[in-house]
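These notes concern the structure reproduced below.
Residue numbers (the numbering used here): 848 to 998.
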């Protein structure tokens with residue numbers, strides 16, 4: 848496999864960057880297409896799966912008036928952007944979300960993630976096997992998740 852050449856940095860390829868490490872299982876299988884049905888579903892919904900495992904939400908004042916005309920969507924913000932983390936324990940009348948999912952009611956984490964994803968995006972139906980395997984992958988390979996699990 849050839850190393851990538853970056854023309855705007857790295858002196859036009861004279862500085863060699865090491866190749867990326869392959870992603871851990873099951874992500875590698877989902878990305879390489881060994882199970883064609885699951886891989887196709889994952890690729891078609893990759894942004895939804897990414898959002899399912901977000902630890903924070905984005906706080907920003909988006910200027911939507913810039914998109915009132917024709918042309919491609921423009922994401923313009925006013926002021927500062929921040930990450931909202933909120934409480935680590937959800938209020939008693941709300942289900943857990945974001946980082947709360949990593950430490951609260953972990954016995955039902957897969958079900959909780961699937962319910963939130965299904966209720967937020969009606970057209971997205973998460974695959975339980977994919978969600979469970981990604982939870983396991985994060986538990987094994989993500990040091991931030993491991994820290995949250997011990998909170």
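Even for Gly, the Cβ is constructed at its ideal location relative to N, Cα and C.
Counted within 10 angstroms of its Cβ, other Cβ atoms place residue i as buried (16 or more) or exposed
i: residue 899; result: buried
i: residue 943; result: buried
i: residue 996; result: exposed
i: residue 959; result: buried
i: residue 967; result: exposed
Local conformation of residue i per DSSP, three classes
i: residue 993; result: helix
i: residue 969; result: coil
i: residue 945; result: coil
i: residue 872; result: coil
i: residue 892; result: coil
i: residue 918; result: coil
i: residue 885; result: helix
i: residue 939; result: coil
Cβ shell of residue i (< 8 Å), same chain only, five flanking positions each side left out
i: residue 976; result: 885
i: residue 987; result: 871
i: residue 930; result: 903, 904, 905, 906
Close beta carbons around residue i, own chain, < 7 Å, minus the five adjacent residues each side
i: residue 964; result: 895, 899, 971, 973
i: residue 914; result: 920, 921
i: residue 956; result: 948, 982
i: residue 888; result: 974
i: residue 881; result: none
i: residue 985; result: 900, 992
Beta bridge counterpart(s) of residue i as assigned by DSSP
i: residue 930; result: 905
i: residue 925; result: 908
Inset, instruction - Decide if the region 925-938 is in contact with the region 902-917; the criterion is three or more beta carbon pairs, one per stretch, under 8 Å apart. - result: At 8 Å Cβ cutoff, the stretches touch.
Legend entry - the region 974-993 / the region 859-879 touching (three or more Cβ pairs under 8 Å): Contact holds: three or more Cβ-Cβ distances are below 8 Å.
Inset, instruction - Evaluate the contact criterion for the region 862-874 versus the region 936-951: three or more CB pairs, one atom per stretch, below 8 Å. - result: Too few Cβ pairs lie closer than 8 Å, so no.
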